[in-house]
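Visitor:
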Amino acid sequence: MKDLMRRKATILLAAGAAIMLSAAVPALSADQTLTVYSFKGTPGQEADMPAINKLFEAEYPDIKLNYVALPAGTAYESKIQVELLAGKSADVIMAQGTQLTQLSKNGYFVDLSSEPWAANVLEQVKPFFSYEGQLYAMPLLGSGIGMFTNMDVLAAAGITSVPTDWPGFLDALAKVKAAGYTPIAVPDKLGWGGAMTFLNMGSTLVPSTWADDYWNGKGDFSTWLPVLQQMMELDQKGLINWKEQLGVDEFSQGLGNFKQGKTAFWVQGMWNISDLKANNINFQFTAVPAGPAGSSPKVFMYAGAGWTISATSPNIDAAKKYVAFQARPDISLKYLTADGGLSMFKGAPSPAFEGVETFNASYGAGDFSYMATSTWFGDGVQEALGSKLQAMLLGQITPEETAKALDSIGLRKQ
29 MKDLMRRKAT
39 ILLAAGAAIM
49 LSAAVPALSA
59 DQTLTVYSFK
69 GTPGQEADMP
79 AINKLFEAEY
89 PDIKLNYVAL
99 PAGTAYESKI
109 QVELLAGKSA
119 DVIMAQGTQL
129 TQLSKNGYFV
139 DLSSEPWAAN
149 VLEQVKPFFS
159 YEGQLYAMPL
169 LGSGIGMFTN
179 MDVLAAAGIT
189 SVPTDWPGFL
199 DALAKVKAAG
209 YTPIAVPDKL
219 GWGGAMTFLN
229 MGSTLVPSTW
239 ADDYWNGKGD
249 FSTWLPVLQQ
259 MMELDQKGLI
269 NWKEQLGVDE
279 FSQGLGNFKQ
289 GKTAFWVQGM
299 WNISDLKANN
309 INFQFTAVPA
319 GPAGSSPKVF
329 MYAGAGWTIS
339 ATSPNIDAAK
349 KYVAFQARPD
359 ISLKYLTADG
369 GLSMFKGAPS
379 PAFEGVETFN
389 ASYGAGDFSY
399 MATSTWFGDG
409 VQEALGSKLQ
419 AMLLGQITPE
429 ETAKALDSIG
439 LRKQ
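Under my numbering, the letters of the sequence shown match residues 29 to 442, in that order.
(1) Between 387, 125, 60, which has its C-alpha nearest residue 89's C-alpha?
(2) Opposite residue 167 in the DSSP bridges: which residues?
(3) Please return the same chain residues whose Cβ sits closer than 6 Å to the Cβ of residue 425, not counting the five positions on each side in sequence.
(4) Does DSSP put residue 404 in a helix, a strand or coil?
(5) Relative to the alpha-carbon of residue 381, which residue among 327, 389, 316 has its alpha-carbon at the smallest distance?
(6) Quick check on DSSP: helix, strand or coil for residue 172?
(7) For residue 94, does the three-state DSSP call read helix, strand or coil?
(8) In or out: residue 422 buried (at least 16 other Cβ within 10 Å) or exposed?
(9) How many angstroms separate the CA atom of residue 219 from the CA atom of residue 274?
(10) According to DSSP, is residue 281 helix, strand or coil?
(11) Can you give the Cα-Cα distance for residue 106 and residue 112, rounded to whole angstroms?
(12) Verify whether the separation of the beta carbon atoms of residue 174 and residue 228 is less than 8 Å.
(13) Cutting at 7 Å between CB atoms, please list the residues of its own chain near residue 193, excluding the five before and the five after it.
(14) Just the Cα atoms here: how many angstroms apart are residue 163 and residue 82?
(15) Excluding the 5 residues preceding and the 5 following residue 49 in the sequence, name in chain order all residues of the same chain whose CB lies nearer than 7 Å to its CB.
(16) Alpha carbon to alpha carbon, how far is residue 127 from residue 329?
(17) Have a look at the DSSP bridge pairing and note the partners of residue 396.
(18) CB-CB under 6 Å to residue 384, same chain, minus the five flanking residues each way: which ones, in chain order?
(19) Of all Cβ atoms in chain D, is any one closer than 8 Å to the Cβ of residue 144?
(20) Is the beta carbon of residue 374 closer than 8 Å to that of residue 143?
(21) Thinking just about the alpha-carbon of each residue, which of 134, 339, 79, 84 is nearest to the one in residue 121?
(22) Give the range of the alpha helix (DSSP H) segment to which residue 259 is assigned.
(23) Among 305, 246, 376, 94, which residue has its Cα nearest to the Cα of residue 176?
(24) Please list the segments of the alpha helix (DSSP H) lying wholly inside the segment 169-220, counting only runs of 4 or more residues, in order along the chain.
(25) With the cut-off set at 8 Å, would you say residue 404 and residue 202 are in Cβ contact?
(26) When you compare only the Cα positions, how much space is there between residue 246 and residue 85?
(27) Please classify residue 94 as buried or exposed, where buried requires at least 16 other C-beta atoms within 10 Å of its C-beta.
(28) Jot down the residue ranges of each uninterrupted alpha helix (DSSP H) in the segment 330-381, minimum 4 residues, whole runs only, in chain order.
(29) Count the other CB atoms, across all protein chains shown, that sit within 10 Å of the CB of residue 250; report buried if there are 16 or more and exposed otherwise.
(30) Given that a residue counts as buried once 16 or more other Cβ atoms are within 10 Å of its Cβ, and exposed if not, what is residue 43?
(31) Give me the Cα-Cα distance between residue 153 and residue 398, rounded to the nearest whole angstrom.
(32) Compare the beta carbon distance of residue 119 and residue 363 with 8 Å and say whether it is the shorter of the two.
(33) Classify residue 123 as helix, strand or coil using the three-state DSSP reduction.
(34) Kindly indicate which three-state DSSP category residue 267 falls into: helix, strand or coil?
(35) Please report the Cβ distance between residue 387 and residue 72, rounded to the nearest whole angstrom; I am assuming they are in contact, meaning their Cβ atoms lie under 8 Å.
(36) DSSP state of residue 50, grouped into three classes?
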């Protein structure tokens, strides 16, 4: 997941990548050999797919799987694009983001709206896997982006629980600093950490209707001014040094620094859970506190990839069986547990990760928002947002100027 979050979600038709990958292009066939393309199953990104595929083959012995796991990235996306255009891609394809939407629009994927499992997809996530109201992918995983808390550091500072509101958060940060620890880490060298902190706090402070309103031409980023002001308040109170944070890489350095046990809070994604557990870090994963005294924060989520079916597949019935198998709650739970995410289906179980109970409870109660990648936060916005926020965090522009600048990067419906 971290690889997906740090790269641009653009579709590149790189000729070199297409040639390099062309050897794996499957031939169309009328038998029951099902070719599946996925960026899960590669070393370090297994997501339990080898075991899940064995279960499928045991249940459907008449269907032979040709599961092709490739690294996520522009080469993978280019391969999908080139092969679908040529009419000879895999039967089942893991896809996401703008590419999923664009290829659905152009008729390359099968409409899955009438599949039995489709009725149970959360309404809030359907737009990420749909085009013009028709569902073209089976959602795999929702990933939480929030705040890790080192509970041993909190205890050393005399704090017994993770704060849930902004006043309590400021108080906890001050106590941690007085105890000789680093209050909070938001590595932001790539602009990702600041952008995720901004969106996380906005999940609580900005009305839930804002994203759709902005997409449809109403409102502006002045609504986000309290978020910008609170981010700067952390620096003004000496609780974070944003200039230092801009020199720390979110992915290659952030995790290692937090595991040293000298920092109380760290903004990142729940895909780090397994690593922290393996290193015996006593942590809690929650939303970033941002609201007034007595409030609780809303959790912030990112909609991951989904399973699609090629419209030119000669094995559509078998492909639908494979996708339906992946949608089963028992199978989905295996994937979610291995890949560190939450279910995007109504009533379906999510992994009971230790240390994530509060986050999971909020998500289960519907107190969440998803990154608006299907509306104003589409292609290119994350990078532009991170850059504008970095300028503010460096003191080059004020929060008020930042809010005005953000109106030039947010997407509107055309």
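Note that the Cβ used here is the ideal one computed from N, Cα and C, for glycine as well.
Guide: With the given structure in hand:
(1) The residue given as residue 89 occupies position 61 in the sequence shown. Among 387, 125, 60, the Cα nearest to that of residue 89 belongs to 60.
(2) Within the sequence shown, residue 167 is the residue found at index 139, counting from 1. Looking at the DSSP assignment, residue 167 forms a beta bridge with 334.
(3) In the sequence shown, the residue the question calls residue 425 occupies position 397. In its chain, beyond the 5 residues on either side, 419 have a beta carbon closer than 6 Å to the beta carbon of residue 425.
(4) If you number the sequence shown from 1, residue 404 lands on position 376. Here residue 404 sits in coil by DSSP.
(5) Residue 381 sits at position 353 when you count from the first residue of the sequence shown. The shortest C-alpha separation from residue 381 is found at 389.
(6) The sequence position of residue 172 within the sequence shown is 144, counting from 1. Correct three-state label for residue 172: strand.
(7) The residue given as residue 94 occupies position 66 in the sequence shown. DSSP places residue 94 in the strand class (E or B) of the three-state scheme.
(8) Numbered from 1 along the sequence shown, position 394 holds the residue referred to as residue 422. Residue 422 should be labelled exposed.
(9) By 1-based counting over the sequence shown, the position of residue 219 is 191. By 1-based counting over the sequence shown, the position of residue 274 is 246. Going from the Cα of residue 219 to the Cα of residue 274 covers about 8 Å.
(10) Stepping through the sequence shown from its first residue, residue 281 is reached at position 253. Coil at residue 281, not helix or strand.
(11) Locating residue 106 in the sequence shown gives position 78, counting from the first residue. Locating residue 112 in the sequence shown gives position 84, counting from the first residue. Rounded to whole angstroms, the separation of the alpha carbons of residue 112 and residue 106 is 10 Å.
(12) Looking up residue 174 in the sequence shown gives position 146. Looking up residue 228 in the sequence shown gives position 200. Yes, these two residues count as a Cβ contact at 8 Å.
(13) As a working mapping, residue 193 is identified with position 165 in the sequence shown. Here the set comprises 317, 319, 320, 321, 322, 323.
(14) What you label residue 163 is simply residue 135 of the sequence shown in a count that begins at 1. What you label residue 82 is simply residue 54 of the sequence shown in a count that begins at 1. Between the alpha carbons of residue 163 and residue 82 lies a gap of roughly 27 Å.
(15) The residue you call residue 49 lines up with position 21 of the sequence shown. No answer about residue 49 holds up, because its pLDDT of 36 lies below 50 and its placement is not dependable.
(16) Counting from one through the sequence shown, the residue named residue 127 turns up at place 99. Counting from one through the sequence shown, the residue named residue 329 turns up at place 301. Here the alpha carbon of residue 127 sits roughly 20 Å from the alpha carbon of residue 329.
(17) Within the sequence shown, residue 396 is the residue found at index 368, counting from 1. Bridge partners of residue 396 according to DSSP: 327.
(18) The count along the sequence shown starts at 1 and reaches residue 384 at position 356. The answer, listed in chain order, is 313.
(19) Annotation note: the requested chain D is absent from the structure, which comprises a single protein chain.
(20) Locating residue 143 in the sequence shown gives position 115, where the first residue counts as 1. Locating residue 374 in the sequence shown gives position 346, where the first residue counts as 1. Going by beta carbons, residue 143 and residue 374 fall outside the 8 Å limit.
(21) Position 93 of the sequence shown, counted from the first residue, corresponds to residue 121. Proximity to residue 121 across 134, 339, 79, 84 peaks at 339, based on C-alpha coordinates.
(22) The sequence position of residue 259 within the sequence shown is 231, counting from 1. Residues 253-264.
(23) Position 148 of the sequence shown, counted from the first residue, corresponds to residue 176. Nearest to residue 176 by C-alpha distance, out of 305, 246, 376, 94, is 305.
(24) List check, alpha helix (DSSP H) in window: 179-184, 194-206.
(25) Translated into positions along the sequence shown, residue 404 becomes position 376. Translated into positions along the sequence shown, residue 202 becomes position 174. No.
(26) Mapped onto the sequence shown, residue 246 falls at position 218. Mapped onto the sequence shown, residue 85 falls at position 57. Going from the Cα of residue 246 to the Cα of residue 85 covers about 51 Å.
(27) Within the sequence shown, numbered from 1, the residue matching residue 94 stands at position 66. Exposed.
(28) Within the segment 330-381, the complete alpha helix (DSSP H) segments of 4 residues or longer fall at 344-355, 357-367, listed in chain order.
(29) For the purposes of this step, residue 250 is identified with residue 222 of the sequence shown, where counting begins at 1. With fewer than 16 other CB atoms across the displayed protein chains lying within 10 angstroms of its CB, residue 250 is exposed.
(30) Working through the sequence shown from its first residue, we reach residue 43 at position 15. Since pLDDT at residue 43 reaches only 32, below the 50 mark, its modelled position is unreliable, and the value read off the structure follows with that caveat. Looking at its Cβ environment, which holds fewer than 16 other Cβ atoms inside 10 Å, residue 43 is exposed.
(31) Here residue 153 refers to the residue found at position 125 when the sequence shown is read from its first residue. Here residue 398 refers to the residue found at position 370 when the sequence shown is read from its first residue. When the Cα atoms are used, residue 153 and residue 398 turn out to be separated by approximately 8 Å.
(32) The residue you call residue 119 lines up with position 91 of the sequence shown. The residue you call residue 363 lines up with position 335 of the sequence shown. Against a cut-off of 8 Å, the Cβ pair of residue 363 and residue 119 comes out as no contact.
(33) Your numbering for residue 123 matches position 95 in the sequence shown. Of the three classes helix, strand and coil, the one that applies to residue 123 here is strand, per DSSP.
(34) Locating residue 267 in the sequence shown gives position 239, counting from the first residue. Assigned with DSSP and collapsed to three states, residue 267 falls in coil, not helix or strand.
(35) Mapped onto the sequence shown, residue 387 falls at position 359. Mapped onto the sequence shown, residue 72 falls at position 44. That pair is no contact at about 24 Å.
(36) Taking the first residue of the sequence shown as position 1, residue 50 is located at position 22. Since pLDDT at residue 50 reaches only 35, below the 50 mark, its modelled position is unreliable, and the value read off the structure follows with that caveat. Note: residue 50 maps to helix in three-state DSSP.
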